[in-house]
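Protein chains in written order, with this note's numbering: chain A, -3 to 273; chain B, -3 to 273.
So, in structure tokens, the structure goes:
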């Protein structure tokens, strides 16, 4: 693992690291904020999964998460959104290929060899973090924005016991029923929709739900709201009687100005779950 | 004036606007955050002047100022750092020409026609804001980072009564004595150093000081600290017995991670001055 940069930040350190990923078969870069408390021992960690077109860097510089993570003594990891590099397949569209891994393990050509983002985020990167940093793997929470909100919700529901809490900003909520989803799931997983179900937060909510608290914010004026389909997830949450706070925020759109506005609420929400018990 | 974007942000609006500048003789773009309180009437305003290579956008997306400005009910304006466009002179170096206006009125060719950033920030943009937005021009404060800290300090000291408070993050503090300064001042203002003095915060501090509180933060591990010359300004402040808080922050560098870490302190500092009396 190589240190690309480390900057003092809110009393802790904002680092950027690169490593050779055996899962994605390419170099992968991630950001990690460690609060001051990490000098004294392992700290809880919040995963932040980013949206389409993003790298590890966007949320790290624009979402304002460190402000509140430092206040709560929580680490935040910012993984990249896909494998990258010259030997990695790509597509001319912004929403397929590099920058658009969709947090699945691709089974279809040309994506299968590198696009294994599910395993990367669920297995390889957690192990790397536990080995190299003062992270308490028993206290993890997860959030994300847009495609990353989709990733956060589906990982949390598919890995019971892993995350104490899950939240999302404007998540892609029903990808099997929208163009942000059908296009990518068919490309990465093939046409058999049975393989898609675990990657649809609304279907997973109907099927299994989440054993912990959920917080979801979506801008009522989100310019992509028809692709997000928040109504499908809201209905599924209500049908299941899932512990959840589901908010539509008037006037807000899909931007990082929206994300940063509600970041304090999300980090505080996760801190309550991470420090409870 | 043209609206390029408006995003809901911390209960207010983060806008980006473009206008034909008579001062710079080109189109100029700026960001303006208006807190929710601006819907009910004029609000105080904090000027944020950015550093070398920045546009209006960098601090607007990375400095975290809106978080605290919203809490205090203060507007924040993010001007660009220079004139721009095809007809505007430029230089291959990052620290001269476009993106490096240095907050002076150039008198030398090829810069003179467009590089009038002092008048733009001191005269044209304030008038435009007062005419178009709910801004209380009697309650203004100013801050900035690096070259923008230089701009904030020199504008505040040269325009007595204009700003109630001034702060700076890692300001270029003694440009007549460092390569970040001598190069630009000679290019824009010519070789007669008498014309440079009003653009040197340390010289201005010796000459006139500031009738109000000052807050300055510089990272003790700033990678450009030899170019900033904080010692010159610290000495001048102490000699004058100027009301000031001058802090060296251990471990911090020149990045926006440094700026955002101390942004709450700076906005709170300005709020006290803006809401006092």
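Every residue gets a Cβ at the ideal spot worked out from N, C-alpha and C, and that includes glycine.
Note that the structure is a prediction, hence the values are computed from the model and not measured.
For residue 249/A, go through chain B and note every residue whose CB falls closer than 8 Å to its CB, in chain order.
3, 4
Please tell me whether residue 58/A has its Cβ less than 7 Å away from any Cβ of chain B.
yes
Give the straight-line distance between the Cα atoms of residue 183/B and residue 104/B, rounded to the nearest whole angstrom.
7 Å
Between residue 264/B and chain A, is any beta-carbon pair separated by less than 7 Å?
It does not; no Cβ of chain A falls within 7 Å.
Determine, using beta carbons only, whether residue 68/A comes closer than 7 Å to chain B.
Not closer than 7 Å to any Cβ of chain B, the Cβ of residue 68/A fails to qualify, so no.
Counting C-beta neighbours from all protein chains within 10 Å, is the total for residue 156/A 16 or more, i.e. buried, or is it exposed?
exposed
Leaving out the 5 sequence neighbours to the left and right, which residues in its chain are closer than 6 Å to residue 125/A when beta-carbon positions are compared?
Within the same chain, residue 125/A has close Cβ partners 131.
In the DSSP assignment, what are the bridge partners of residue 1/B?
12/B
Does residue 257/B get closer than 7 Å to chain A when you measure Cβ to Cβ?
yes
Does the beta-carbon distance from residue 236/B to residue 201/B come in below 7 Å?
yes
Thinking C-alpha only, which one of 204/A, 246/A, 33/A, 150/A is nearest residue 195/A?
150/A
Tell me, which residues are paired with residue 39/B by DSSP?
131/B
With a 10 Å radius around its C-beta and 16 neighbouring C-beta atoms as the bar for buried, classify residue 135/A as buried or exposed.
buried
Kindly indicate which residue of 10/A, 35/A, 96/A, 199/A has the alpha-carbon position closest to the one of residue 179/A.
96/A
Under the three-state reduction of DSSP, which class applies to residue 105/B: helix, strand or coil?
coil
Best match in 123/A, 204/A, 173/A for proximity to residue 73/A [C-alpha to C-alpha]:
123/A
Quick check for students: name the residue ranges of the alpha helix (DSSP H) that lie wholly in the segment 218 to 273 of chain B, counting only runs of 4 or more.
The qualifying runs are 221 to 224, 226 to 236, 252 to 271.
Top-ranked residue by Cα proximity to residue 252/B, from 7/B, 35/B, 46/B, 11/B
46/B
How would you label residue 89/B, buried or exposed, when you count the other beta carbons within 10 angstroms and need 16 or more for buried?
Classification of residue 89/B: exposed, given that the 10 Å Cβ count is below 16.
DSSP on residue 17/B, reduced to helix/strand/coil?
strand
Return the bridge partner residues of residue 96/A from the DSSP annotation.
93/A
Output the residue ranges of the alpha helix (DSSP H) runs that lie fully inside the segment 119 to 182 of chain A and measure 4 residues or longer, sorted by chain position.
Runs of the alpha helix (DSSP H) inside the segment 119 to 182 of chain A: 121 to 128, 143 to 154.
Give a yes or no on whether 7 Å exceeds the smallest Cβ distance from residue 219/A to chain B.
no
Minimum C-alpha distance to residue 258/B - residue among 219/B, 242/B, 116/B
242/B
Which of the residues in the segment 25 to 55 of chain A, read from start to end, lie with their CB under 8 Å from any CB of chain E?
Chain labels in this structure do not include chain E; the protein chains are A and B.
Within its chain, find whatever has a CB closer than 7 Å to the CB of residue 37/B; leave out the 5 residues flanking it on each side and keep chain order.
130
Excluding the 5 residues flanking residue 176/A on each side, which residues of the same chain have their C-beta closer than 6 Å to its C-beta?
168, 223
Whose C-beta lies closer than 6 Å to the C-beta of residue 56/B among residues of the same chain, with five residues either side of it excluded?
27, 74
If you draw a straight line from the C-alpha of residue 173/A to the C-alpha of residue 59/A, how long is it?
28 Å
Roughly how many angstroms lie between the CA atoms of residue 188/B and residue 263/B, to the nearest whole one?
37 Å
Does chain B have any CB closer than 7 Å to the CB of residue 165/A?
no
Spell out the partners DSSP gives residue 32/A in its beta bridges.
Answer by DSSP bridge pairing: none, since residue 32/A is not bridged.
Beta carbon of residue 154/B, beta carbon of residue 198/B: below 7 Å?
no
C-beta neighbour in chain A for residue 253/B, strict 7 Å:
yes
For residue -1/B, go through chain A and note every residue whose CB falls closer than 9 Å to its CB, in chain order.
Within chain A, no residue comes near residue -1/B; the closest Cβ sits about 14 Å away, beyond 9 Å.
Measuring only between beta-carbons, confirm whether residue 231/B sits less than 7 Å from chain A.
no
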